[in-house]
Structures are given as structure tokens and as C-alpha cells.
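If you read the sequence shown in numbering that gives the first Met the number 0, its first letter stands for residue 0, the second for the next number, and so on.
From the three backbone atoms N, C-alpha and C, an ideal C-beta is built for every residue, glycine too.
Accompanying notes for the structure given below.
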Amino acid sequence: MMRSITTAQAMNEALAEEMRRDPAVYVVGLGLYPSAGESATSGLVDEFGELRVRSAPMSETAIAGSAVGAALVGMRPVAELHLADFAFNALDEILSKSGKWRYTHGGNDGMKLPIVFLEGIGGYVAGASEHSQSPLALYWHFPGLKIAVPATPYDAKGLLKTAVRDDNPVMFFTHKLGAPGPVPDDEYVVPFGEAVVRRPGADVTVVATSYMVVLSMEAAANLADQGVDVEVIDPRTLEPLDIETIVASVVKTGRLVVVDEDTERCGVGAEIGAQVMERAFTALRAPVGRVANPNLPVPYSPPLEQAVLPSITSIETAILATLTN
Numbered sequence: 000m001m002r003s004i005t006t007a008q009a010m011n012e013a014l015a016e017e018m019r020r021d022p023a024v025y026v027v028g029l030g031l032y033p034s035a036g037e038s039a040t041s042g043l044v045d046e047f048g049e050l051r052v053r054s055a056p057m058s059e060t061a062i063a064g065s066a067v068g069a070a071l072v073g074m075r076p077v078a079e080l081h082l083a084d085f086a087f088n089a090l091d092e093i094l095s096k097s098g099k100w101r102y103t104h105g106g107n108d109g110m111k112l113p114i115v116f117l118e119g120i121g122g123y124v125a126g127a128s129e130h131s132q133s134p135l136a137l138y139w140h141f142p143g144l145k146i147a148v149p150a151t152p153y154d155a156k157g158l159l160k161t162a163v164r165d166d167n168p169v170m171f172f173t174h175k176l177g178a179p180g181p182v183p184d185d186e187y188v189v190p191f192g193e194a195v196v197r198r199p200g201a202d203v204t205v206v207a208t209s210y211m212v213v214l215s216m217e218a219a220a221n222l223a224d225q226g227v228d229v230e231v232i233d234p235r236t237l238e239p240l241d242i243e244t245i246v247a248s249v250v251k252t253g254r255l256v257v258v259d260e261d262t263e264r265c266g267v268g269a270e271i272g273a274q275v276m277e278r279a280f281t282a283l284r285a286p287v288g289r290v291a292n293p294n295l296p297v298p299y300s301p302p303l304e305q306a307v308l309p310s311i312t313s314i315e316t317a318i319l320a321t322l323t324n
């Protein structure tokens with residue numbers, strides 16, 4: 000049976016199922032009480048109690064640091080940090096403590112750090128410069144972290160269950176926006192490192208992350224009316240990255256546009272573009288296109304925000320540009 004539910008509901012189901020499956024799983028973070036409302040943690044305290052759903056003080060450093068310690072002694076914490084902007088306060092604990100701990104201790108095979116850091120990303124809600132960022136490339140730059148970026152409720156649930164079961168720290172990013180989507184009642188997981196082709200096409204490959212998948216699908220549909228056949232690929236995880244699926248698509252189409260909401264400089268588009276050029280340079284018939292934030296703080300003003308962040312129009316323009324080169 001399929002139901003149409005939101006990303007928050009899908010994640011809530013994933014956490015409840017994993018907490019029932021494994022008593023070592025617990026949630027710690029900001030604003031977990033009261034249980035009313037719709038969020039990834041709604042109602043969990045009613046079933047699992049305050050020992051396993053721990054509402055913490057407003058200290059991202061303490062939340063992340065305690066999660067590292069708990070993971071090292073056998074627990075499987077899920078750290079709810081809410082906005083990715085807030086998590087900057089805990090970067091030492093996330094990047095250096097969780098991400099590098101096994102390496103700095105000799106790569107001990109018996110040492111595990113099963114932590115999931117939940118972070119919300121994205122603009123388009125007039126959240127201003129400190130509540131609208133999508134810092135995927137920041138975390139991708141640091142070794143030791145896995146990175147999941149679901150674009151649908153189905154993937155949000157399946158990837159979150161995989162993340163909870165993983166013995167490594169996982170950055171789990173979900174966008175503030177997104178429509179409800181079909182999610183099955185039955186148990187399932189979505190493996191890391193397997194991209195999905197959201198729309199097959201023959202003329203241009205578009206690789207998009209998170210909410211950018213939604214915008215790219217709309218752009219592809221619009222361009223289909225003009226005779227342009229766009230293939231849209233959703234990586235679903237950046238670490239591990241399914242570069243093979245992306246390269247195979249570029250070999251077929253000869254063109255690539257990467258759409259990501261993060262800032263353009265040193266961003267996701269730059270990395271994916273470089274990897275494609277390393278593997279399939281002779282297949283490219285045009286320079287790799289990038290659609291991203293042009294290295295600016297996200298404005299509070301909605302018209303200015305729309306001018307900075309990717310749009311259906313800017314995606315269409317980038318796709319058409321690759322066809323004229």
C-alpha cells in the first residue's frame with residue numbers, strides 16, 4: 000500500500016521504526032518537546048519516553064559532542080540540529096571529532112561512530128542570510144562523513160533508516176520545501192551511493208540535489224515542449240557519490256548541467272563537473288554548466304532572494320546554453 004505523506008512524516012516513521020528495532024537508537028536535540036505538530040520527532044517521546052527522546056539545551060556543541068561520546072560507547076544517536084546554519088557552532092565536534100576519530104585512532108576496525116546529524120537546509124522562505132543556507136559542499140570537503148540529501152519523502156525515509164544503521168557519522172540534509180509523495184507501508188531502505196534517474200533524456204544531463212530536483216524536473220518538462228530532451232539525475236547521496244551513473248548519462252547526452260542551492264564557488268557543481276571531466280572529457284560537447292547561488296548571502300527580501308537562488312528560469316537558461324555551445 001502506498002500513501003502520500005510529507006518528508007517530515009516519512010522521517011518520523013523511519014525514526015520510530017528504527018527505535019523499535021534497536022534500543023540503542025535515541026534522539027537528542029533542540030525543541031523535541033512538546034510532541035504536538037509535524038516534525039521528524041513528533042510524538043516519539045510519547046512512545047519511547049524522555050530517556051530516548053532527549054530535549055537538549057540550545058547548545059549545538061553539547062548536542063553534537065554528547066552524540067560522539069555516546070556513539071563511542073555503543074549507542075546510536077540521532078542529533079536533531081534543526082537548521083544547518085545553527086550547526087556551524089558544532090563544526091569541531093562534527094568535522095574533527097566524529098569525522099576523523101577513527102583515522103586519528105589508527106583506523107581501529109572495532110571503533111564505530113554511528114551518528115546521524117539531522118540538518119534542515121534551503122531558502123525560498125524569506126529566512127534571511129543566517130537561516131537559508133545549504134552548506135553541502137562544506138561537509139563534502141571533510142573526510143569521514145557520509146552525506147545524504149533526499150529529494151522525496153520516499154527517499155527521506157529509506158535513506159534515514161540506512162543512515163541510522165550505518166556505523167559511520169552521516170550528515171542528513173532535508174530541505175524546508177517539498178511536496179508530499181508516495182511512501183509504502185512496507186519496510187524498505189534506500190542504499191547509499193545509488194543515484195536515481197528521475198527523468199530519462201537524450202540531449203542534456205542535469206544533476207540536481209534536494210529541492211533542486213523539483214525545480215529541474217519542472218524546467219525539463221517546460222523544455223520538452225520546445226523539443227529539448229533533458230535527463231535529470233538525483234544523486235541522493237554525495238558521499239558516497241554514484242559518479243558512474245552520472246558519467247554514463249553524460250556519455251549518452253554529451254552535456255552536463257549541475258544544479259545545487261549552495262554557493263557556486265568551490266561547490267557541488269564544481270566537484271561533480273571536475274569528476275565528469277576527469278572521466279569523460281572526450282564525451283563533452285559543451286562546457287559543464289552550473290546553476291547555484293552566485294556567492295552571495297541569501298537576502299531576506301523575497302524579490303532579492305529569488306534573484307540569488309536557482310530558479311526554473313535559470314535552470315532552463317543554463318540547459319539551453321549548453322545546447323548552443
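query, result
"Note the first and the last residue of the continuous beta strand (DSSP E) segment covering residue 289.", "288-292"
"What first and last residue would you give for the alpha helix (DSSP H) that runs through residue 216?", "210-223"
"Take the Cβ of residue 219 as the centre, count every other Cβ of all protein chains shown within 10 Å, and call the residue buried at 16 or more, exposed below.", "buried"
"Measuring CA to CA, which of 70, 179, 210, 235 is closest to residue 350?", "With the chain covering 0 to 324 only, the question about residue 350 has no answer from this structure."
"In the DSSP output, which residue or residues are listed as bridge partners for residue 226?", "Per DSSP, none; premise fails for residue 226."
"To which residues does DSSP link residue 299 through a beta bridge?", "DSSP output for residue 299 lists no bridge partner at all."
"Just the C-alpha distance for residue 106 and residue 229, rounded to the nearest angstrom, thanks.", "43 Å"
"On the premise that residue 92 lies in contact with residue 119, defined as a C-beta separation below 8 Å, what is that separation, rounded to the nearest angstrom?", "The Cβ separation is near 18 Å, so there is no contact."
"Thinking just about the alpha-carbon of each residue, which of 132, 163, 156, 128 is nearest to the one in residue 145?", "163"
"Between which two residues does the alpha helix (DSSP H) harbouring residue 47 extend?", "43-47"
"To the nearest whole angstrom, what separates the beta carbons of residue 159 and residue 123, a pair I think is in contact under 8 Å?", "So it is not a contact: roughly 23 Å between Cβ atoms."
"Work out the CA separation of residue 54 and residue 23 for me, nearest whole Å.", "17 Å"
"Under 8 Å between the Cβ atoms of residue 214 and residue 318?", "no"
"Just how far apart, CA to CA, sit residue 80 and residue 187?", "25 Å"
"Quick check: the segment 96-104 against the segment 2-18, are there 3 or more CB pairs under 8 Å?", "no"
"Which residues in the same chain as residue 130 place their Cβ atom closer than 7 Å to its Cβ, once the five residues preceding and following it in sequence are excluded?", "82, 84"
"Would you check if there are 3 or more beta carbon pairs closer than 8 Å linking the segment 294-306 to the segment 165-175?", "no"
"Are there 16 or more other CB atoms within 10 angstroms of the CB of residue 309, so buried, or fewer, so exposed?", "buried"
"Rounded to the nearest angstrom, how far is the Cβ of residue 290 from that of residue 314, given a contact under 8 Å?", "5 Å"
"Along the chain, where does the beta strand (DSSP E) containing residue 238 start, and where does it finish?", "236-238"
"Given that a residue counts as buried once 16 or more other Cβ atoms are within 10 Å of its Cβ, and exposed if not, what is residue 68?", "exposed"
"List in chain order: all unbroken alpha helix (DSSP H) runs of 4+ residues lying wholly within the segment 59-117.", "59-71, 98-103"
"Measure the Cβ-Cβ separation of residue 194 and residue 232 and say whether it is below 8 Å.", "yes"
"Would you tell me roughly how many angstroms separate the C-alpha atoms of residue 252 and residue 287, rounded to the nearest one?", "12 Å"
"With the cut-off set at 8 Å, would you say residue 185 and residue 254 are in Cβ contact?", "no"
"Under a Cβ-count criterion, where at least 16 other Cβ atoms within 10 Å of its own Cβ denotes burial, should residue 239 be classed as buried or exposed?", "exposed"
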